[in-house]
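Numbering (the numbering used here), first residue to last: 610 to 1042. Ideal Cβ placement from N, Cα and C applies to all residues, glycine included. To start, the structure under review is shown below, and the notes come after it.
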């Protein structure tokens, strides 16, 4: 096999090489080096890679190469390529990548997702597209309405499979698989490979090549991690204190819940810090506006939940702050991976209260290293830092109990709260509906 050092070493057609150069890329990432030659041969691929490793280009470039080398007349409602992804934000970014890399090719792409009117999406499908990027819910809606037919798909990409599982899409995916033609090229990507995901991959792929890059237990070497022990009631004060440092120029703050994200934004705005929340209860328009403002630097702090932030690929994020430590260790790796993109350095800070100490211990086991403790701040708690560690199971139960007690309080019962945040019963975001 030819050694791959630059994109020029890859057997991609000249229009794609030109687009790559225009984008400013010369050296492929590890997953691109490994996956592109395999996909150019038409082999099924099982890729274990998290967001930020360059996997979108790893599948978009060979797919565009294939389409250009085998042109066909467009058929209404019948795309040639289907990329299935869990969230609206990721779907939009993948569609933009196909447009960027295919700028010198006459390829039509479309992206469909829920939360917005379907008329423009239906119109695009009716005109015919080569590449369709979709979230599961809207895809099934349009299939059931007979606006879309996937029986002639030549290439099927299932992206972020583990997140699909987390969001409850596994049954929808199985149904989609039954609607696809048996003869097709399959690409399967997941950051983690739990048993259910391995089983799904086994049912979908035929003698696949496996590429594993940046496993979930690893964290970017350029990320400086730390933990600050603080009482739960003092986290807001600590956040205000930390943000006094102007070095925190573009920050993502993670919370566990949508309601928590809204409350943090409310706190920051009162403190004069420009911020915006992104989560499943926000409309698509609001989510895109928040992302664009954050990218453009008009908003300093983006407050996000795990599901909403998965797949956000924005360069120049200086810091990630875990306002609440995730109770799923793998989520920690995904969160802090939002910084230190494209070879830049980054900083990740976790605010840890007594109930979260066991989560830090679980994270340290996963990543195979101790997270340094920062005591040089006004809200450091020795009692938490050196106190007993509650078991993970009990800590999770206490967190759920605390969350349930907030939901059942009289001010929120039946969604009749006068408060502007969290006043309605929260519906499941579903990511795509």
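| Item | Value |
| --- | --- |
| Residue 746, buried or exposed, once every other Cβ within 10 Å from all chains shown has been counted against 16 | buried |
| Residue range of the beta strand (DSSP E) that includes residue 963 | Here residue 963 belongs to no beta strand (DSSP E), and DSSP marks it neither H nor E. |
| Strand pairing of residue 662, partner residues [DSSP] | According to DSSP, which records beta bridges pairwise, residue 662 is partnered with nothing at all. |
| Alpha helix (DSSP H) segment containing residue 878, residue limits | 867-879 |
| Proximity of residue 860 and residue 873 at Cβ, strictly below 8 Å | no |
| Distance between residue 967 and residue 843 (C-alpha atoms, nearest Å) | 19 Å |
| Host alpha helix (DSSP H) of residue 795 (start-end) | It is not in any alpha helix (DSSP H) - residue 795 instead sits in the beta strand (DSSP E) that spans 794-799. |
| Helix, strand or coil at residue 822 according to DSSP, with G and I counted as helix | coil |
| Short Cβ contact (8 Å threshold) for residue 724 with residue 892 | yes |
| Residue 741 vs residue 688 beta-carbon contact at 8 Å | yes |
| For residue 687: DSSP bridge partner residues | 684 |
| For residue 718: DSSP bridge partner residues | 740 |
| Exposure label - residue 931; buried when at least 16 CB within 10 Å | buried |
| Where residue 765 falls: helix, strand or coil (DSSP) | strand |
| Three-state secondary structure (DSSP) of residue 856 | coil |
| Rounded straight-line distance, which links the Cα of residue 737 to that of residue 671 | 21 Å |
| Classification of residue 965 by the beta-carbon crowding that lies within 10 angstroms, buried from 16 upward | buried |
| Beta-carbon gap between residue 694 and residue 771 smaller than 8 Å | no |
| Beta-ladder partner(s) of residue 863, from DSSP | 913, 931 |
| Sub-8 Å separation of residue 629 and residue 820 beta-carbons | no |
| Through-space distance from residue 665 to residue 615, alpha-carbon basis | 17 Å |
| Close-in-space but distant-in-sequence residues of the same chain around residue 888 (CB under 6 Å, 5 per side omitted) | 867, 870, 914, 917 |
| Nearest-angstrom Cα separation, counted from residue 711 out to residue 703 | 12 Å |
| Cβ neighbours of residue 894 in the same chain (closer than 8 Å, five flanking residues each side left out) | 725 |
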